[in-house]
Amino acid sequence: MPSSEFAHKEKYRYMNGFNSYHESEAVEGALPIGANSPQKPPYGLYAEKLSGTAFTAPRHENQQTWLYRILPSCGHSNFEPRESSTYNTNPENKPYEKIHHIPNQLRWDPFDLDETVDWVHSLHLVAGAGDPTMKTGLGMYIFAAGKDMDAHEAFYSADGDFLIVLQHGLLDIQTEMGRILVRPNEICVIPRGIKYRVTLPQGPVRGYILELYQGHFTLPELGPIGSNCLANVRDFQAPVADFDEDTSSDWHVLCKFAGHLFQAKQSHTPFDVVAWHGLYYPYKYDLGRFNTIGSVSFDHPDPSIYTVLTAQSDHPGTAIADFVIFPPRWLVAEDTFRPPWYHRNTMSEFMGLIHGQYDAKTGGGFQPAGASLHNVMAGHGPDATTHEKASNAELKPSKVGEGSMAFMFESCLMVGVTDWGLKTCKKVQEGYNAESWEPLKPRFKRPGPKTVENGDGAGDKEGALGDKKQVPHWTS
Ligand SMILES: [Fe+2]
Numbered sequence: 001m002p003s004s005e006f007a008h009k010e011k012y013r014y015m016n017g018f019n020s021y022h023e024s025e026a027v028e029g030a031l032p033i034g035a036n037s038p039q040k041p042p043y044g045l046y047a048e049k050l051s052g053t054a055f056t057a058p059r060h061e062n063q064q065t066w067l068y069r070i071l072p073s074c075g076h077s078n079f080e081p082r083e084s085s086t087y088n089t090n091p092e093n094k095p096y097e098k099i100h101h102i103p104n105q106l107r108w109d110p111f112d113l114d115e116t117v118d119w120v121h122s123l124h125l126v127a128g129a130g131d132p133t134m135k136t137g138l139g140m141y142i143f144a145a146g147k148d149m150d151a152h153e154a155f156y157s158a159d160g161d162f163l164i165v166l167q168h169g170l171l172d173i174q175t176e177m178g179r180i181l182v183r184p185n186e187i188c189v190i191p192r193g194i195k196y197r198v199t200l201p202q203g204p205v206r207g208y209i210l211e212l213y214q215g216h217f218t219l220p221e222l223g224p225i226g227s228n229c230l231a232n233v234r235d236f237q238a239p240v241a242d243f244d245e246d247t248s249s250d251w252h253v254l255c256k257f258a259g260h261l262f263q264a265k266q267s268h269t270p271f272d273v274v275a276w277h278g279l280y281y282p283y284k285y286d287l288g289r290f291n292t293i294g295s296v297s298f299d300h301p302d303p304s305i306y307t308v309l310t311a312q313s314d315h316p317g318t319a320i321a322d323f324v325i326f327p328p329r330w331l332v333a334e335d336t337f338r339p340p341w342y343h344r345n346t347m348s349e350f351m352g353l354i355h356g357q358y359d360a361k362t363g364g365g366f367q368p369a370g371a372s373l374h375n376v377m378a379g380h381g382p383d384a385t386t387h388e389k390a391s392n393a394e395l396k397p398s399k400v401g402e403g404s405m406a407f408m409f410e411s412c413l414m415v416g417v418t419d420w421g422l423k424t425c426k427k428v429q430e431g432y433n434a435e436s437w438e439p440l441k442p443r444f445k446r447p448g449p450k451t452v453e454n455g456d457g458a459g460d461k462e463g464a465l466g467d468k469k470q471v472p473h474w475t476s
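The UniProt record's numbering puts the first residue of the sequence shown at 1, with every later residue one more than the last.
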């Protein structure tokens, strides 16, 4: 069965489909029929619209959800800054002041677990580009938490969509639209503005987040691949409506707004949505269901064939953010150097490892819970050990990545690294380049002189037609 073998059993129900129009009611009859905002919604519920795109966004991009809830979201005290000197997921709202743009290849040792903080305080911006106030760009985070969020707390980000890549532990997420369980090898997307509360039923958690400041994730185009493969539409799972009834407790709603933390108080639970319908909702996906494709002749295609989700810029085919995975897969290409080739790209590549060993880096420096960043035009590729092995390997069909899942956040933007990512975390490997690529030895052997048989004998002038010193492109 193409799905992950999870240590923890699923405990919630979901609705299947990517960008599918869903409707769900926890109480029969709670969804109005036909109308969105009847004069009196069923059972005395309030109707509230949550817009994930402008009202007038083209129909194929438009994402809105109607919520039918016990009390509307607006009933709360003013938001006040919280931990204003310590909460820093977008330094001072002036990212270029504290974000370092450097051309070096970077690699990080595994990031530490931290049992002292909850989800909200576990977020560390490690790298990013753009600015959430302009709804441009993306942020890349490491999270490590060990405590449940307070029983009467909810959190949302006004800055963007969270794509959560869990590396360790278990996330039990209560959202306005229902409950989601996230296990390692599953990803979860929580769009901008949706409130949620995270508990940790198995203790400490750790992982990575891509926050998309602009637009929303979509599935990549399939082009000549056809109508299936890669991440299939039916494998994305949205929660079913699930609500609490609590209009007498003190609740704190925490909000990440322009990178800073704010808090408002209210006397009712935000998880009071009895029914909802629409296109704007959180969802999860098991990376084990990814239908990987590849070469069955020679060479290998660009790694864009491993794209799970993408968020396009205004330029078609050029992504602000791609989420790409390197799952277990068969390599069968003949007369081919099978690991990735050496390359320099206009895109920037931030990689992480959920578990196992990434097949392009077998030297031991790229470990689960670690990361690497190959920025715009930074040269990289297999380390010397991997190159040596792959150049001499017997090219029989072989399976790589067994028990492993590496991933990449790729962006067309130049990515800057925060103070935390570069210094405070103390995980940067100083010798990354020296260990990986400086050991590469020259292998070039100049061939002996060749006889040029198609010259006309007039080769007495260098560079002229028929110059026998010029070696043509041999096509024997
Ligand atoms: Fe790369």
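Every residue gets a Cβ at the ideal spot worked out from N, C-alpha and C, and that includes glycine. Quick caveat: nothing in here was measured; it's all calculated off a predicted structure.
- When secondary structure is reduced to three states using DSSP, asparagine 16 falls in the strand class.
- Nearest Cα to valine 233 within the set Val428, Leu210, Tyr21: Tyr21.
- Serine 84 and proline 382 have their C-alpha atoms spaced approximately 43 Å apart.
- Using a C-beta cut-off of 8 Å, the segment 12-27 makes contact with the segment 271-287, since at least three inter-stretch Cβ pairs fall below that distance.
- One thing to note: tryptophan 437 has its Cβ within 9 Å of the Cβ of glycine 379.
- As computed with DSSP, serine 157 is found in a beta bridge with Lys256.
- For methionine 134, the three-state secondary structure derived from DSSP is helix.
- Remark: C-beta atoms of alanine 241 and alanine 30 approach each other more closely than 9 Å.
- In the three-state reduction of the DSSP assignment, isoleucine 325 falls in the strand class.
- For the pair of segments examined, the segment 218-232 was found not to touch the segment 175-195: the number of CB pairs separated by less than 8 Å stays below three.
- Between tyrosine 306 and valine 324, the alpha-carbon positions lie close to 5 Å from each other.
- Where alanine 35 is concerned, there is no enclosing alpha helix (DSSP H), because DSSP gives it neither an H nor an E.
- Rounded to the nearest angstrom, the Cβ distance from valine 417 to valine 126 is 7 Å, consistent with a contact under 8 Å.
- Nearest to proline 2 by C-alpha distance, out of Arg344, Pro328, Tyr358, Leu222, is Pro328.
- Taking a C-beta distance under 9 Å as the contact criterion, asparagine 19 and aspartate 235 do not qualify as a contact pair.
- Secondary structure note for histidine 380: it is in no alpha helix (DSSP H), with a DSSP letter that is neither H nor E.
- Check the Cα spacing between asparagine 78 and each of Pro110, Met140, Ala264: the tightest is with Ala264.
- Taking non-hydrogen atoms of ligand 1 into account, the C-beta of glycine 421 is found less than 8 Å away from none of them.
- Taken in chain order, the complete alpha helix (DSSP H) segments of 4 residues or longer contained in the segment 379-443 are 384-392, 432-436.
- A check of alpha carbon separations from leucine 106 across Lys423, Arg446, Gly448, Gln167 identifies Lys423 as the nearest.
- If only complete runs of 3 or more residues are kept, the segment 263-316 shows the beta strand (DSSP E) at 273-278, 283-286, 307-312, in order along the chain.
- When DSSP states are grouped into helix, strand and coil, serine 84 belongs to the coil group.
- Taking the CA atoms as reference points, lysine 389 sits about 10 Å from arginine 338.
- In the three-state reduction of the DSSP assignment, glycine 193 falls in the coil class.
- Relative to ligand 1, asparagine 345 has its C-beta within less than 8 Å of a heavy atom.
- Counting the other Cβ atoms within 10 Å of the Cβ of tryptophan 341 gives fewer than 16, which makes it exposed.
- In the three-state reduction of the DSSP assignment, glycine 52 falls in the coil class.
- Looking only at His374, Val332, Ser313, Ala393, the smallest Cα-Cα distance to glycine 137 is reached by Ser313.
- By a beta-carbon distance limit of 8 Å, glutamate 245 does not contact aspartate 286. Their separation comes to about 32 Å.
- Residue state for glycine 356 is assigned as coil, using DSSP reduced to three classes.
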